[in-house]
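Single-structure report; data block below.
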Amino acid sequence: MLSHIRHGDFHARITPIESNRFSLFKKPWLAYVLILSFLYLCNMKVEFNWKKWLVYFIVAAGLIYLTRSFFMSLGIFMLLLLIDWALGEWEKKHRQE
0 MLSHIRHGDF HARITPIESN RFSLFKKPWL AYVLILSFLY LCNMKVEFNW
50 KKWLVYFIVA AGLIYLTRSF FMSLGIFMLL LLIDWALGEW EKKHRQE
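Heads up, the sequence shown is in numbering that gives the first Met the number 0, so the first residue is 0 and it goes up one at a time.
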C-alpha cells in the first residue's frame with residue numbers, strides 16, 4: 000500500500016499536532032461536569048485533610064517524573080491508595096478493640 004510513496008514524501012505529509020492546551024473548552028459537557036462536581040464538593044460538610052492530599056500530590060508527581068509514563072504512575076498510585084486504605088481500616092479495627 001505504501002510501496003508507491005518515496006521515503007521523503009511520507010515525512011513531508013506529516014502535519015504538526017494541534018495543541019490540546021484548551022481542550023476543556025472544546026468539550027463543553029466536560030466543563031459542565033467538572034463545575035457541577037466542584038460545586039457539589041464545596042457544599043459537602045466533609046473534613047478534608049490538606050496535608051495528606053499534598054503528600055499524595057507530591058508522590059504522584061514524583062512517580063510521573065520517575066516512570067515517565069502516566070499510566071504506569073497511575074497504577075502504582077492506585078496500589079498505594081489501596082494500601083493506605085487497608086492500613087487505615089486495620090488501624091481503625093484495632094483501635095475499636
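Note that beta-carbon positions come from the ideal geometry of N, C-alpha and C, so glycine has one too.
Reduced DSSP secondary structure (H/G/I, E/B, other) of residue i
i	result
E90	helix
E69	The sequence given here places Phe at residue 69; Glu does not occur at that position. The answer is helix: DSSP assigns F69 an H, G or I state.
N42	helix
F47	coil
Buried or exposed (CB count within 10 angstroms, at least 16 for buried), residue i
i	result
L81	exposed
S36	exposed
Beta-carbon separation (whole angstroms), residue i vs residue j, contact threshold 8 angstroms
i	j	result
F69	I63	6 angstroms
F76	V54	Not a contact, Cβ separation roughly 12 angstroms.
Residue-chain proximity (residue i, chain D), Cβ-Cβ < 8 angstroms
i	result
L40	The chain inventory of the structure shown lacks chain D, comprising one protein chain alone.
The ligand ATP heavy atom lying under 7 angstroms from the CB of residue i
i	result
F69	In the structure shown, the ligand ATP is absent, as is every other ligand, since no ligand is present at all.
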